[in-house]
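Undergrad:
2 protein chains.
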Amino acid sequence: MNDKIVAPSVGEGENVTAGFRDAHPSPAQSVTISDVAEAAGVSRQTVSNVLNAPDRVRAETRERVTRAIADLGYHPNHMARSLRASSPRMIGCRILPVHAETVAAIQDRFLHALAEAGQECGHHVLLFTAADAAAESEWCTVLWRTGAVSGVVLYDITPDDPRPERLTAAGVPFTAFGRTAADTERYSWADVDNAAGTASAVDHLVAAGHRRIGFLGWPEGSSVGDARAHGWLMAMDRHGLLAGSHRLDIRGDDTTTSGTRLMKELLDRPGPPTAVVAATDTLAVGALHTVRDRGLEPGRDVAVVGFDDSPAAAALGLSSVRQPIEEVGRLVMAEVLRLTDRTLGPNGEPPAEPLHRLLAPELVVRASSAPPQGLIPAGVEARSLSR
Amino acid sequence: MNDKIVAPSVGEGENVTAGFRDAHPSPAQSVTISDVAEAAGVSRQTVSNVLNAPDRVRAETRERVTRAIADLGYHPNHMARSLRASSPRMIGCRILPVHAETVAAIQDRFLHALAEAGQECGHHVLLFTAADAAAESEWCTVLWRTGAVSGVVLYDITPDDPRPERLTAAGVPFTAFGRTAADTERYSWADVDNAAGTASAVDHLVAAGHRRIGFLGWPEGSSVGDARAHGWLMAMDRHGLLAGSHRLDIRGDDTTTSGTRLMKELLDRPGPPTAVVAATDTLAVGALHTVRDRGLEPGRDVAVVGFDDSPAAAALGLSSVRQPIEEVGRLVMAEVLRLTDRTLGPNGEPPAEPLHRLLAPELVVRASSAPPQGLIPAGVEARSLSR
DNA sequence: AGCCCTCGTATGAACGATAAAATCGTGGCT
DNA sequence: AGCCACGATTTTATCGTTCATACGAGGGCT
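For the record, the sequence lines run as chains E and G.
full-length UniProt numbering puts the first sequence at residues 1 to 387.
full-length UniProt numbering puts the second sequence at residues 1 to 387.
#1: In or out: Q323 of chain G buried (at least 16 other Cβ within 10 Å) or exposed?
#2: Within the continuous beta strand (DSSP E) that includes S319 of chain E, where are the two ends?
#3: What are the residues that DSSP puts in a beta bridge with C93 of chain G?
#4: Taking 8 angstroms as the CB-CB cut-off, is R300 of chain E touching chain G?
#5: Could you check if A59 of chain E belongs to the surroundings of the ligand MG, using beta carbon to heavy atom distance under 7 angstroms?
#6: With 8 angstroms as the C-beta to C-beta threshold (strictly closer), list the residues of the stretch 63-82 of chain E near chain G in chain order.
#7: Select from G:A170, G:N49, G:Y187, G:A182 the residue whose C-alpha is nearest the C-alpha of A176 of chain G.
#8: Determine the burial state of A23 of chain G: buried for a count of at least 16 other Cβ atoms within 10 Å of its Cβ, exposed for fewer.
#9: In terms of residues, what are the limits of the alpha helix (DSSP H) holding E362 of chain E?
#10: What residue range is occupied by the uninterrupted alpha helix (DSSP H) comprising G225 of chain G?
#11: Looking at E116 of chain G and T141 of chain E, is the spacing between their C-beta atoms short of 8 angstroms?
#12: Identify each residue in the stretch 111-125 of chain E for which the Cβ-Cβ distance to at least one residue of chain G is less than 7 angstroms, and report them in chain order.
#13: Quick one: what's got a C-beta closer than 6 angstroms to T198 of chain E's C-beta in the same chain, skipping five residues either side?
#14: Using beta-carbon positions only, say whether T46 of chain E and A37 of chain E come within less than 8 angstroms of one another.
#15: Look at the alpha carbon of A170 of chain G and the alpha carbon of L143 of chain G, and state the distance between them as a whole number of angstroms.
#16: Mind checking if S368 of chain E is an interface residue toward chain G, Cβ cutoff 8 angstroms exclusive?
#17: What residues in the stretch 124-139 of chain G bring their beta carbon closer than 9 angstroms to a beta carbon of chain E?
#18: Look at the alpha carbon of R64 of chain E and the alpha carbon of A134 of chain G, and state the distance between them as a whole number of angstroms.
#19: From G:A131, G:S258, G:R238, G:E60, pick the residue whose C-alpha is nearest to that of V202 of chain G; which is it?
#20: Between the stretch 205-214 of chain G and the stretch 241-260 of chain G, do at least 3 Cβ pairs fall closer than 8 angstroms?
#21: Taking any Cβ of chain E, which residues in the stretch 257-275 of chain G have a Cβ under 7 angstroms from it, in chain order?
#22: CB-CB under 6 angstroms to G178 of chain G, same chain, minus the five flanking residues each way: which ones, in chain order?
#23: Tell whether a beta-carbon distance below 8 angstroms holds between G92 of chain G and L126 of chain G.
#24: Taking the C-alpha atoms as reference points, what is the distance between L96 of chain E and R56 of chain E?
#25: Cβ closer than 8 angstroms: which chain E residues qualify as neighbours of V98 of chain G?
#26: Taking the straight line between their C-alpha atoms, what separation do you get for A370 of chain G and S200 of chain G?
#27: Just how far apart, CA to CA, sit E335 of chain E and D71 of chain E?
#28: Rounding to the nearest angstrom, what Cα-Cα distance links D193 of chain G and V172 of chain E in this structure?
#29: Buried or exposed: G306 of chain E, going by 16 or more other Cβ atoms within 10 Å of its Cβ?
#30: Who are the Cβ neighbours of T260 of chain G in its own chain at under 6 angstroms, not counting the five residues just before and after it?
#31: Counting contacts by CB-CB distance shorter than 8 angstroms, is R292 of chain G in contact with chain E?
#32: Which residues of chain G have a Cβ atom closer than 9 angstroms to the Cβ of A278 of chain E, listed in chain order?
#33: Helix, strand or coil, according to DSSP, for D249 of chain G in the structure here?
#34: Who are the neighbours of T32 of chain G on chain E, taking C-beta pairs under 9 angstroms?
#35: Once the 5 residues before and after H123 of chain E are set aside, which same chain residues still bring their CB inside 7 angstroms of it?
Next comes the structure, spelled out in structure tokens:
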């Protein structure tokens with residue numbers, strides 16, 4: 001939050017490849033603040049002031065020091081700075097193995113968003129791995145206690161996730177992407193409004209004239225899956241499309257083959273859907289197979305909407321609900337930094353009431369739920385409705 | 001390399017959630033080595049020795065100190081240690097945005113492998129973002145010069161990539177996953193033998209009785225794409241399957257729609273292929289569409305083999321060539337650590353000749369190129385041939 | 001003229017840890 | 001008995017930076 005590091009700028013605009021006739025040969029950190037001070041004929045502290053509080057230094061002196069810094073190619077040592085400030089300017093985040101398909105799909109987007117948001121205010125992301133939630137909690141605690149990170153970010157939260165409680169108990173500052181079923185008041189989180197996502201998909205389909213709108217979902221029990229199912233249900237009810245007719249929803253594993261099978265079942269029912277909302281792109285891709293298998297044209301005959309806006313969705317021209325991961329990343333990073341600043345702040349220690357933020361996802365419309373006037377070329381043009 | 005951190009182990013087996021009656025409340029790094037020393041009635045250095053050179057300390061004293069460490073929940077400060085050792089125990093790696101479909105598919109696998117490999121020898125991965133290769137080079141240089149990382153890992157290398165040269169010029173220790181077209185002798189890299197991957201796919205198909213084997217590839221110009229095409233070509237030639245007949249290869253964009261279209265063209269040729277090798281899973285998925293569209297059964301009528309073993313491949317029962325990313329991660333991490341150790345070592349400075357390692361990928365056989373005896377249930381059983 | 005205040009710069013200490021050297025007691029050897 | 005070697009521990013110095021304070025010069029004020 002304090003200083004913004006916009007561009008790296010090595011050696012004051014000097015090109016990296018040019019170098020300074022091997023002025024910075026091999027050892028990490030050769031030129032120190034004292035070297036600069038000596039070169040500029042001032043004391044260490046003055047150099048420090050030039051960097052951290054330029055207004056305290058006379059313009060002439062500042063000029064001289066700045067030149068010495070550029071000449072020597074000086075860069076302040078991160079470790080020394082962190083040690084002194086007892087703030088490593090690092091945020092920890094676990095990276096999951098790619099077992100869980102669904103999660104993996106947005107993991108790199110999230111990490112990228114997090115890294116980018118952090119970098120804008122001079123912080124970096126430290127990656128670590130852990131076998132399970134318990135091990136992750138321990139690593140977070142260790143990393144924090146060793147001063148390697150000033151806080152951590154949790155991610156892929158399940159309804160009964162043990163991590164928030166453990167980290168709270170250990171005193172580790174953290175912010176979660178997602179939230180548990182209970183005790184959500186006690187810690188900071190940002191989450192995507194999954195229900196609103198499927199609801200907006202329903203709204204879109206209703207606006208396009210559909211009445212019999214199905215839903216392909218996960219088995220009950222996951223917070224994300226249930227929320228998406230709930231959004232569909234509420235929206236259908238709101239439009240008065242549940243009355244009198246049987247519900248066109250069905251559940252199964254999150255695989256394309258499962259999606260194919262579930263879609264077949266739905267289409268074989270009496271009064272089959274003219275459109276379906278899928279809880280994931282994976283299921284939606286499976287559903288598309290079935291549609292094409294039956295000689296139907298997605299978008300024209302049967303509309304399909306997925307969830308997550310994965311690369312596959314873009315490639316296949318599949319309409320999909322896109323999670324605002326970039327914004328989540330920004331929010332989560334900002335929040336965890338706020339928490340750590342507060343922790344280190346004056347010892348009055350006002351516990352800094354936590355952030356709770358629900359973000360609306362955005363429907364990206366493509367050919368699979370084509371608007372009336374005709375097909376949109378896949379991946380070329382995409383209209384987005386901000387909920 | 002020096003010490004192995006196997007498990008975090010907070011407070012000597014004590015459960016994290018239990019805590020020590022708020023013995024470690026809020027501020028990062030409250031209990032220092034001096035506190036432990038005082039509690040144990042010894043000097044700081046003795047505590048340090050207990051941790052770093054236990055054999056120098058009398059057993060009785062060691063015992064006493066160990067207990068004090070456990071009681072106070074002491075963890076050595078990472079920053080202080082790094083400052084003193086002038087080695088941050090951090091390796092930098094850029095995380096790419098998810099534009100490029102192909103790359104994104106394995107990015108998280110690679111980062112996970114890297115983080116895991118690093119963690120096993122007490123190092124962590126520092127994530128950063130950059131707009132392009134030039135900005136990445138600058139960030140690497142800055143991170144290294146500020147002492148935030150002891151080395152960096154490059155990734156997604158293109159044939160004319162400027163990064164190796166720039167980092168070499170700046171003196172930043174690095175290892176690359178992938179390699180450029182020229183000057184590969186001058187820096188350390190590990191790469192996947194893409195040609196061997198497609199070749200093994202061809203071998204597998206030939207063994208299953210196929211003779212007319214097609215290839216779906218990227219437009220020429222990318223090192224990865226060209227290598228995969230080359231592998232197909234060489235293997236076909238080796239089996240004598242190129243003579244007299246026209247070549248069944250075709251190129252196009254790396255999208256599923258492109259794969260669908262290319263496959264159609266191949267199947268419409270006189271003497272159509274009975275099997276195809278695709279340069280990516282994306283293309284392969286598109287090809288599967290076409291096969292099914294024509295009422296053919298993948299694996300029985302037309303075999304399809306993809307590349308990358310993406311989650312989609314597993315879900316669809318698509319045979320695919322799997323890159324040994326985990327091993328690449330281990331190798332790359334080990335190498336960059338070796339380089340940094342050498343750099344910091346005795347000033348005799350033997351430049352440590354670089355590592356060059358080509359790894360063979362592994363073919364994962366699934367239903368889409370089913371073995372003679374019948375179909376394998378998708379994703380359930382998968383036989384793997386190690387090249 | 002003497003005082004105080006401000007501005008610019010310099011000095012000492014500290015952040016938490018470890019390498020190297022100094023200290024202290026103990027025992028073996030001649 | 002005296003010397004030296006040795007094991008165990010402490011002391012000192014250092015990594016590179018920044019905080020708190022001290023210092024000196026200059027100017028406005030009474």
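Backbone N, C-alpha and C define an ideal beta-carbon position, used for all residues, glycine too.
Because the structure is a prediction, the values reported are computed rather than measured.
TA: With the structure as the only source:
#1: By the neighbour-count rule (16 or more Cβ atoms within 10 Å), Q323 of chain G is buried.
#2: Counting along the chain, the beta strand (DSSP E) containing S319 of chain E begins and ends at 319-322.
#3: Secondary-structure assignment with DSSP links C93 of chain G through a beta bridge to G:L127, G:V153.
#4: R300 of chain E does not count as touching chain G.
#5: In terms of ligand content, the structure shown is empty, and the ligand MG therefore cannot be addressed.
#6: Cβ proximity to chain G below 8 angstroms picks out G73, H75, P76, N77, H78, M79, A80, S82 from the stretch 63-82 of chain E.
#7: Selected option, being the one with the closest Cα: G:Y187.
#8: Unreliable placement is indicated for A23 of chain G, whose pLDDT of 34 sits below 50; no coordinate value is reported for it.
#9: Looking at the DSSP string, E362 of chain E is not in any alpha helix (DSSP H); the run it does join, the beta strand (DSSP E), is 362-365.
#10: Bounds of the alpha helix (DSSP H) holding G225 of chain G are 223-238.
#11: Contact flag unset, no.
#12: Correct list: L111, H112, A115, E116, Q119, H124, V125.
#13: Only residues of its own chain outside the window of five on either side were considered, and among them R228, G231, W232, V277 have a CB closer than 6 angstroms to the CB of T198 of chain E, listed in chain order.
#14: It is a contact, given that the beta carbons lie within the stated cut-off.
#15: Each residue's alpha carbon lies about 12 angstroms from the other.
#16: It does not; no Cβ of chain G falls within 8 angstroms.
#17: Flagged, chain order: H124, V125, L126, L127, F128, T129, A130, A134, A135, S137, E138, W139.
#18: Taking the straight line from one Cα to the other gives about 29 angstroms.
#19: Closest option to V202 of chain G, Cα to Cα, is G:R238.
#20: Result yes; three or more Cβ-Cβ pairs closer than 8 angstroms.
#21: Taking 7 angstroms as the Cβ-Cβ cut-off against chain E, the residues of the stretch 257-275 of chain G that qualify are T257.
#22: These residues qualify, in order along the chain: I157, D191.
#23: Yes; because the gap between Cβ atoms is below 8 angstroms, this pair is in contact.
#24: For L96 of chain E and R56 of chain E, the distance between alpha carbons rounds to 47 angstroms.
#25: Under the 8 angstroms cutoff, chain E gives D108, R109, H112, P311.
#26: In this model, A370 of chain G and S200 of chain G are separated by some 15 angstroms (Cα to Cα).
#27: Between E335 of chain E and D71 of chain E, the C-alpha separation is close to 38 angstroms.
#28: Cα to Cα, the separation comes out at about 44 angstroms.
#29: Result: buried.
#30: Cβ neighbours of T260 of chain G beyond the five flanking positions: G286, H289, T290.
#31: So, interface residue.
#32: Correct list: empty, because the minimum Cβ distance to chain G is about 14 angstroms.
#33: Secondary structure of D249 of chain G (DSSP, three-state): strand.
#34: What T32 of chain G touches in chain E: nothing, since even the nearest Cβ is about 10 angstroms away.
#35: Only R89, M90, I91, L337 meet the Cβ criterion.
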